[in-house]
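Residue numbers (the working numbering), protein chains in the order written: chain A, 1 to 322; chain B, 323 to 1302.
Note that beta-carbon positions come from the ideal geometry of N, C-alpha and C, so glycine has one too.
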Amino acid sequence: MNGKRQPLVFDIKRYALDDGPGIRTVVFFKGCPLACVWCHNPESMRPDREIAWHRQRCIGCHECVRACPEKAVDGGPGRIDRGRCTACGACVDACPATALQRVGRFYPVAELITLLMKDRLFYEVSAGGVTVSGGEPTLHAEYLAGLLRTLKAQGVHTAIETCGLFERDRFRKMLLPHLDLICFDVKLISAEAHRRLTGRGNGTILRNLAWLAAEAPDRLFPRVPLVPGVTATEGNLRGIGKMLGGLGIRRCGCLPYNPGGTGKRQAIGQPVPDAPPAAMMSAEEERQWTGMLQAELSRAVAEVRTPNPQEEQSCRSIFTMP
Amino acid sequence: MPPITLNDIGLKAYDLSNMPLLARLREANMGAKPEVCIERALHVTRSLQETAEGGDSMELRYARAVNRFLSEKAPLFFGDNLLAGTTTSKFYGAPVYPELTGMTIWPELDTISDRAKNRLRLSREDADTLNFEIYPFWMERSILEHARKKNGDPQCMRLFERIVFFLAGKAGAISHTVPHYKAVLETGLSGIVEEARKHEKLLPAGPESPEQCGKRDFYRAVRIALEGAIAYAARLSARASELAASEKDPGRRANLLRMAEVTARVPAKPARTFREAVNAVWLLQIAIHAENINMAISPGRLDQILYPYYRADVDRGLLTVREAMELVGCLWLKLNDNTNLVPETAEELFGGAGTVPAVTVGGVDEAGEDAVNDLTYIMLRVTELLKTRDPSMNARYHHEKNPPAYRDRVAEVIAATHAVPACYNDVAAISALENQGVETAHARDYAIIGCVELAVAGRSYDASSSIMLNLVSALELALYNGKRPITGDDQIGPATGDPATFTDFGQFREAFQGQLAFLAGEAITLNEDLGRAHQELMPTPLLSALFDGPMEKGADLIRGGARYNASGATHIGFADTVDSLSAIQQAVFTDRSCTFADLLQALQNDFEGADALLARLRSRMPKFGTDDPVAARNAQDLIGFLYDFYQGHTSYRGGKYRPAYWTMTNHAGQGKLSGALPNGRKAHQVFASGITPVSQAAGDLTPCLRAVAALDSRHIPGGEALNLKLPAVSGPEDLARFSQTIEAYCRYGGLHVQFNILSYETLLDAKRHPERYPELLVRVSGYSAYFKDLNEAMKDEIITRTAYDLRTGRAVPLPAAGMDGSPAPEEEQAPSPHAWALAEHAVVQLAGRKLVECLESEFAEGFLALLLDLMKLVFLFDHDFRRNIQDFAATYLFRSLDGSITVSAIFRDNGLEVREEEAGDPNVTVTFKDSKALMGYLLSPKPDVLGSMLRQEVTLAGNLNYLYKFAFMAKRLQLMATGR
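Pasting the structure below:
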């Protein structure tokens, strides 16, 4: 790819519930500085276009084999030699069953806005809006600045989901003015574990968190992904709760773990790491871990300042209190 | 805006545990077994027989017939219901309307009590009365046969009888209307009688013109008919007093005395209290059914009509909320006191339907302001508690005027009942009606008829179920140059060209529109023929008296007396047709990924060996219900085309035809009769219902709702049904989101939406174990039904409807184990040993035994000869059976397709003559493929009319009533021969 990389969208999810208040549309961008072993959107990791093959939809018609100019699909239908594949998409166009799909599409801002504004009335009636997510959306700060500014101008509530690994100045200048809500992932309190399981340390992330806690406390909402046995441990959650409280942060939430990443890795030909747990967490377990995190946070908050009943309330999910 | 005086609009403090009367009545209602009631048919038939000679107009004669039935109707009181009056003489009765569809059950008189679906109890005595007295009178007089004879068995009627092109509602009913109860509660029937008398006096004196004569007779007819309704109430009152005198239970005695008081007052005089008003509404419903068949006679906006009485009583301290709820509940259960009399096969097309009296609540008033009141909430709560099939509940919602709390409450009731009410967007509905020339104030007062049709309540005679047209059959005619191979039809429509020769999509669209215009034109012609037959045979003075217009004009509704007139034409297979058009456009003419010839070949092979093409058509083509612009364009084009076509036709009553998109269960039945389609639907599969996107084709909820809402509702003045399924709505967050979703749909301009809140798993389990879900209520495509009552195809259709997860807005995957939920096949009842008890004559025994052997054999050779031989013999030996042909003169022609059999059966001089040749002018001609097919058609314990149609086994020409009679005699013989 020549020159500046275009931001690619790998999914647009409408009528989303877990990504901010109300009914929202979430735009998922490709590219991420982290490589979490439990990632449930592995197709978001690489910034480039990819081809996914969904085995269960394949009808074995060999149209893709015939269509591929690189002879990358010669090992049988859908089995792609990733070394040869240039992700040109000829096989996708040929596939009658949508078993092959492009992962990553560039939208000019205006086109994306049109697409997002189709659901405007759903946002309006539910106090919802648009969330940009990833991957790590802040990698595309310039593009997002244009997108979010236009959305704000049209009265749409905007949110971002970030892993926290971003360049602070760019974030402050380009994104912060156009965001109503910043969902900030806090994964692991231990720097060593963070490096081992996500590929990067957590120093910058925690500094960015502290900065936002001071700069935009009302818009910041830290979230902890609950990965069984990895992030969902007593030590990690208590550590995070304490750290958040220390920063004067008074609210946070948890994200349930989704084991869907494995199948997606297979579809795009990525090796599957042996770490991720296979099962979903029960709702009851999720409640317990969330309770533990919030209790620890409340305790830490209480130590820092005199309790205020109104603030106590705000320890609850931000989504009920936009 | 009326003040809401309820402490809790959810009325959660009231439930069936503390409302024992409603709990008890509901239980009785749910357990009730329907019975055929011949009371009305008998009175009406005898009266018309007696007045046949006098030379009076049909207006007067029909009014007298209605008057006679109402004045002589038995005054009955079942259970502890607070409302007096019953539709029939049974606790749960199916009245007979021989004028309309009442004759179609003639072949089933001996078996209707034990048939597999929609069993109806009928005593031998009543069956005899129908067979020997009532039906013979109507042989040539039913609406359909009258119209056939008069118009020389026209092409449109033969198309109708092929079932797959269109159905003509008027052969079975006009009904489908909303009368003006507000006015009659204020004046009383006596007031209208007086008004009629005044109008008659004002007619100019001197020699009468035919027009004046018509007016005079109309006013007289109104008086006569209404006096019948008044007389019925008087008899109820007298009987209630009598019963009270001997009643020991003090509560029951008090109730009887109250009913005696109430019926002494209403409906003759203006209602003074809430109880009087509610009972008056009920008595008027009964009265209307004396004249009009029990299909979708809808009471309308009861929360508005009854509100003044409620408010006054509550303010005076005469009525508590609990009492109001009990009375509303009693009315809801009373509205369930009757059911339809339909032949067993009709359930394929209209399965599980009740009589669909629609009640409408909420919305705005005539001034355009919020009309939601206490009664709105009371009616919603009663609906939530009773969960009965009828009344069909409809909630109007105006997003600028009605409070959000009302919308939330409606959402909550839908979640609780899994099905009702259906939701209507006031903004879209009102503008659709205004666009039809309805005054704004009147449009704002709209109410729902039956399934989903919009009515200007009490002011418009809409005949909303006049035509049901199958869009897919028009598409098939276009694909095959005017033919329809799946039912083997030869040239049906115009030759619009072989699509394989078309060079652009426009040519195909033109061909399709040509076929569509041909079918719709034929459907309209038939509707006009039938409408005129109604004018001649079934005037409706009683119903006319309850409308705005007829009294001023001096003209019956059926003659265009209403303030507004319309005829509704609904369409089956909308989304499948749109997706097929888009697939043709995209695959053949844009992508050029296949040729039209290849596509046609694949369709005719039902995609056998064309997996890649099938996959492409299913997953890569534009689908209605997504953001695809091609699909959106084709959908709007089709809607626009039909709108323009119908609006260009004015009916015999002076109203325009109005297109609509609701399907009852026709989309399942018609689907069975259709071949593979370009959208990837395989042959014989169900179509999508109403205006709903094809199941599993529109995976995201918001584009689905937007796509339907984007259709211009002004082009859908007859109403639409969007059927959505959500697996669950649980907890306050789900509810809020559900309610917001309805809000957004309305703001996008959607006209109607209704829900089934049921998961795939629940529905599959209910199919497997019907006994565990006796009361599971589902929305079909307009009306509600108990799931257990639906046929298997319709169950599957509801199961496979896309289920959208409210938490993700995406379609929930259909379980792979999908359709394996069939219950164990019912044991076919084996014929009992051949006890040939009736006739002891050896020859008869022998013939009977032969027939039984023939019935049990595979090939049924000589079945017809055996049947006719046996018939002849039994006529000789069995006096009872001979009664069937006393003074009966008719000629039947039976012909096999291959010409190897030609037999005439001539009934005359109380006997039967059989000739192996064509004789004279047959009343009915039966053409059959082979003997087995004929036998199956006449005698099968579960007649498969759709299957027989598909296999082209038996076709009929001529007067069907004769066939019904013959089939009855054949069936009776079979039962005699097998000793059952």
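Below-7 angstroms beta-carbon distance, residue i vs any chain C residue
i, result
"L1023(B)", "As a matter of chain content, chain C is missing from the structure shown, whose protein chains are A and B."
Option in the options with minimal Cα separation from residue i
i, options, result
"A646(B)", "L507(B), L405(B) and H764(B)", "L405(B)"
"M581(B)", "R594(B), K570(B) and N601(B)", "N601(B)"
"L34(A)", "E136(A), L116(A), D81(A) and F28(A)", "E136(A)"
"A1182(B)", "A877(B), G876(B) and G1258(B)", "G1258(B)"
"G401(B)", "H720(B), L489(B), F596(B) and L565(B)", "L565(B)"
"A94(A)", "Q534(B), A1289(B), A1299(B) and A934(B)", "A934(B)"
"L1189(B)", "A1292(B), A741(B), P1244(B) and V1225(B)", "A1292(B)"
"L1234(B)", "D1220(B), K1254(B), V1196(B) and S786(B)", "V1196(B)"
"A609(B)", "P501(B), E1240(B), A1289(B) and E1093(B)", "P501(B)"
"L422(B)", "L1168(B), M860(B) and L1295(B)", "M860(B)"
"L663(B)", "D959(B), L442(B), T409(B) and V742(B)", "L442(B)"
"N1206(B)", "R1094(B), A982(B) and F1290(B)", "F1290(B)"
"R594(B)", "L1048(B), L640(B) and I789(B)", "L640(B)"
"Y629(B)", "A675(B), D687(B), W654(B) and L343(B)", "D687(B)"
"E142(A)", "R5(A), D74(A), S44(A) and C85(A)", "R5(A)"
"L655(B)", "L1098(B), K504(B) and T408(B)", "T408(B)"
Residue environment, residue i, which counts as buried when at least 16 other CB atoms sit within 10 Å
i, result
"T290(A)", "buried"
"R287(A)", "exposed"
"Q813(B)", "exposed"
"G843(B)", "exposed"
"A72(A)", "buried"
"I331(B)", "buried"
"A1157(B)", "A caution first: A1157(B) carries a pLDDT of 32, below 50, which makes its placement in the model too unreliable to give a value."
"A576(B)", "exposed"
"E284(A)", "exposed"
"F454(B)", "exposed"
"A1161(B)", "Since pLDDT at A1161(B) reaches only 39, below the 50 mark, its modelled position is unreliable, and the value read off the structure follows with that caveat. Burial call: buried."
"D1231(B)", "exposed"
"F1229(B)", "buried"
"A396(B)", "exposed"
"P1145(B)", "For P1145(B), the predicted structure reports a pLDDT of 44, less than 50, and the residue's modelled location is therefore unreliable. A value from the coordinates is still provided. Per the 10 Å Cβ criterion, exposed."
"E648(B)", "buried"
"H157(A)", "buried"
Sheet register partners of residue i (DSSP bridge)
i, result
"R1035(B)", "For clarity, residue 1035(B) is Ser in the given sequence; the question names Arg instead. DSSP lists no partner for S1035(B)."
"N403(B)", "N403(B) pairs with nothing; no bridge assigned."
"D185(A)", "R223(A)"
"D811(B)", "R806(B)"
"K1047(B)", "N1078(B) and A1125(B)"
"W53(A)", "L100(A)"
"R24(A)", "A16(A) and G129(A)"
Any non-hydrogen atom of the ligand ATP closer than 6 angstroms to residue i Cβ
i, result
"Q857(B)", "The ligand ATP is not among the ligands present in this structure, which contains no ligands whatsoever."
Item to complete: Run through the region 973 to 1039 of chain B for me and flag every whole alpha helix (DSSP H) of 4 or more residues, listed as ranges in chain order.
Response: 988 to 994 and 1023 to 1032
Fill in: Runs of alpha helix (DSSP H) lying entirely within the region 709 to 795 of chain B, each at least 4 residues, in chain order
726 to 739, 748 to 756 and 762 to 766
Discussion item. When you compare the region 801 to 818 of chain B with the region 1019 to 1033 of chain B, are there three or more beta-carbon pairs, one atom per stretch, that lie closer than 8 angstroms?
Written reply: no
Fill in: contact_flag[the region 788 to 797 of chain B, the region 521 to 530 of chain B] where n(CB pairs < 8 angstroms) is 3 or more
no
Worksheet item: When the Cβ atoms of the region 981 to 993 of chain B are set against those of the region 1102 to 1110 of chain B, are three or more pairs found closer than 8 angstroms?
Response: yes
Practice prompt. Take every Cβ of the region 654 to 664 of chain B, pair it with every Cβ of the region 349 to 361 of chain B, and state whether three or more of those distances are shorter than 8 angstroms.
Written response: yes
Worksheet item: Three or more C-beta pairs closer than 8 angstroms, one from the region 918 to 938 of chain B and one from the region 90 to 105 of chain A: is that the case here?
Response: yes
Discussion item. For a minimum of 4 consecutive residues, which ranges assigned as the alpha helix (DSSP H) are wholly contained in the region 113 to 160 of chain A?
Written reply: 120 to 126 and 141 to 153
Worksheet item: Can you give, in chain order, each stretch of the beta strand (DSSP E) that sits fully within the region 236 to 308 of chain A and has at least 3 residues?
Response: 253 to 256
Worksheet item: Is the region 102 to 112 of chain A in contact with the region 133 to 153 of chain A, if contact means three or more CB pairs nearer than 8 angstroms?
Response: yes
Discussion item. Runs of 4 residues minimum, wholly inside the region 325 to 373 of chain B: which ones carry the alpha helix (DSSP H) assignment?
Written reply: 342 to 353 and 361 to 372
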